[in-house]
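All remarks here apply to the structure that follows.
Protein chains in written order, with our numbering: chain A, 2 to 339; chain B, 315 to 420.
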């Protein structure tokens with residue numbers, strides 16, 4: 002059991018800055034995120050795209066913003082739990098007991114949900130039967146590529162993941178790559194490589210096809226694909242892989258008794274607490290009259306939520322407002338040596 | 315101002331006056347028309363505002379910018395008449411546009 006003052010759900014810019022604000026007022030925190038790295042949407046959706054509306058930063062990329070925030074919270078040695086999704090919450094006396102998908106447990110005084118639009122999950126095939134095969138012969142990510150050796154693999158998608166895996170697996174497997182159009186969003190070099198492999202007969206490329214259905218009993222035996230013009234082809238497949246990027250899902254947060262309105266959590270604007278005592282929500286996931294989904298609004302919300310957490314973490318102490326410029330305590334927490 | 319008609323997956327039809335300059339996505343979201351999630355808020359980064367445009371409108375709409383087709387690869391059941399509604403900016407020329415909202419966005 003990890004005991005800390007506050008658990009932050011979501012390692013996007015809002016969650017990261019909230020960790021900073023907690024650190025400044027002397028509270029400890031740990032951060033859980035479903036992705037394998039910090040940064041949230043900034044790192045997953047637009048790492049290279051510029052952002053122009055961070056106060057006092059005329060221009061930066063999502064990746065730069067993330068790295069700067071990580072740098073800013075370094076003095077507080079915040080512990081990250083990546084690749085974990087928070088599943089269960091339980092109130093025990095005045096504390097919250099939290100459990101993640103990977104079985105990590107926390108004992109905390111307060112929770113700050115900074116979950117953006119939810120946790121990132123792979124996008125799935127629209128075809129219903131696919132669910133039945135998921136995890137045994139149909140996958141949306143690859144953990145152990147050795148299972149594909151000498152098998153026939155049908156890969157769907159046109160981005161870098163689909164292209165990279167098609168190239169990689171074509172070394173030891175019979176690969177079909179199926180994509181809905183002639184153009185690809187993946188790197189040009191990979192597109193050329195795939196076309197080359199197709200010409201050499203080391204890979205079968207099917208463009209303007211999409212999945213129609215999957216055939217099989219316990220495991221997939223073949224997959225039917227449908228051309229734009231309507232023609233259907235059945236291709237033998239031992240495994241099917243789908244790479245359609247990630248989508249955000251609210252997931253278990255829906256079951257925590259919070260007031261949810263259009264995929265967002267209602268909060269008050271005094272300290273961004275939800276209708277449940279000790280659970281706060283900040284950033285894109287919270288809603289209140291006038292809410293703007295800007296990173297800078299998330300920073301403000303995080304600063305106030307951090308102070309709102311104080312009374313739960315240190316009920317017998319009074320929080321005094323201080324500036325980092327002059328506060329000795331804050332500077333000590335930041336590790337400033339004079 | 316343009317009248318935009320949204321056909322939702324529950325077979326309902328909503329015709330809305332949408333102000334010029336807003337996007338077809340915003341017209342739906344602001345009027346509580348279900349089925350357009352717009353998770354990324356209009357940044358062409360998520361494909362959850364995907365719509366099917368009525369065939370006769372396909373050629374009248376502004377062409378897709380770089381990146382829209384890439385995002386449509388990720389959309390739920392993309393078709394030839396798929397567009398991202400966050401990229402369709404409403405103007406007088408779009409008066410009468412009809413779009414179908416898919417059964418799911420992901």
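Each residue gets a CB set at the ideal place from its N, CA and C atoms; glycine is no exception. No experiment lies behind these values; they were computed from the predicted model shown.
For residue i, the three-state DSSP class (helix, strand or coil)
i                      : result
residue 73 of chain A  : helix
residue 352 of chain B : coil
residue 418 of chain B : coil
residue 338 of chain A : coil
residue 410 of chain B : coil
residue 58 of chain A  : strand
residue 211 of chain A : strand
residue 53 of chain A  : coil
residue 316 of chain B : strand
residue 332 of chain B : strand
residue 247 of chain A : strand
residue 34 of chain A  : strand
residue 191 of chain A : helix
residue 327 of chain B : strand
residue 242 of chain A : strand
residue 202 of chain A : coil
residue 234 of chain A : strand
residue 329 of chain A : helix
residue 78 of chain A  : coil
residue 153 of chain A : strand
residue 40 of chain A  : coil
residue 217 of chain A : strand
residue 68 of chain A  : helix
residue 323 of chain A : coil
Closest Cα partner of residue i within the set the options
i                      : options                    : result
residue 405 of chain B : B:419, B:332, B:412        : B:332
residue 196 of chain A : A:220, A:211, A:168, A:213 : A:168
residue 319 of chain B : B:411, B:415, B:419, B:417 : B:411
residue 10 of chain A  : A:286, A:140, A:235        : A:286
residue 164 of chain A : A:251, A:178, A:268        : A:178
residue 26 of chain A  : A:328, A:264, A:49, A:337  : A:328
residue 86 of chain A  : A:121, A:75, A:217         : A:121
residue 249 of chain A : A:96, A:117, A:201, A:16   : A:117
residue 352 of chain B : A:322, A:265, A:289, A:319 : A:265
residue 37 of chain A  : A:12, A:244, A:61          : A:12
residue 95 of chain A  : A:136, A:174, A:190, A:6   : A:6
residue 350 of chain B : B:407, B:397, B:408        : B:397
residue 49 of chain A  : A:189, A:61, A:267, A:206  : A:61
residue 388 of chain B : B:362, B:345, B:344        : B:362
residue 223 of chain A : A:232, A:338, A:236, A:231 : A:236
residue 188 of chain A : B:418, B:384, B:372        : B:384
residue 183 of chain A : A:8, A:192, A:175          : A:192
residue 288 of chain A : A:278, A:300, A:261        : A:261
residue 306 of chain A : A:269, A:171, A:290        : A:269
residue 376 of chain B : B:357, B:399, B:360        : B:399
Beta-carbon proximity check, residue i vs residue j, cutoff 8 Å
i                      : j                      : result
residue 77 of chain A  : residue 24 of chain A  : yes
residue 3 of chain A   : residue 88 of chain A  : no
residue 302 of chain A : residue 283 of chain A : yes
residue 297 of chain A : residue 52 of chain A  : no
residue 212 of chain A : residue 157 of chain A : yes
residue 126 of chain A : residue 159 of chain A : no
residue 110 of chain A : residue 313 of chain A : yes
residue 1 of chain A   : residue 154 of chain A : Chain A is shown only over 2 to 339; residue 1 of chain A falls outside these bounds and no answer can be derived.
residue 15 of chain A  : residue 44 of chain A  : no
residue 259 of chain A : residue 272 of chain A : no
residue 17 of chain A  : residue 71 of chain A  : yes
residue 414 of chain B : residue 365 of chain B : yes
residue 240 of chain A : residue 152 of chain A : yes
residue 217 of chain A : residue 134 of chain A : yes
residue 334 of chain B : residue 316 of chain B : yes
residue 367 of chain B : residue 325 of chain B : no
residue 20 of chain A  : residue 58 of chain A  : no
residue 22 of chain A  : residue 331 of chain A : no
residue 273 of chain B : residue 392 of chain B : Here chain B has residues from 315 to 420 only, and residue 273 of chain B is not among them.
residue 376 of chain A : residue 123 of chain A : Residue 376 of chain A lies beyond the stretch modelled for chain A, which goes from 2 to 339, so this question has no answer here.
residue 401 of chain B : residue 379 of chain B : yes
Same chain, Cβ closer than 7 Å to residue i, neighbours up to 5 away in sequence not counted
i                      : result
residue 102 of chain A : 85, 86, 88
residue 420 of chain B : 362, 390
residue 355 of chain A : Given a span of 2 to 339 for chain A in the structure shown, any question on residue 355 of chain A remains unanswerable.
Own chain partners of residue i with C-beta closer than 6 Å, once the 5 adjacent residues on each side are dropped
i                      : result
residue 210 of chain A : 179, 226, 228
residue 274 of chain A : 281, 309
residue 171 of chain A : 198, 203, 204
Inset, instruction - Can you check the segment 336–400 of chain B for any beta strand (DSSP E) of at least 3 residues that lies completely inside it and give the ranges in chain order? - result: 364–367, 396–398
Legend entry - Continuous alpha helix (DSSP H) assignments of at least 4 residues falling wholly in the segment 88–151 of chain A: 131–134
Legend entry - Contiguous beta strand (DSSP E) assignments of at least 3 residues, all confined to the segment 250–309 of chain A: 265–267, 280–282
Inset, instruction - Tell me the start and end of each unbroken beta strand (DSSP E) in the segment 156–186 of chain A that is at least 3 residues and wholly inside, in chain order. - result: 175–180
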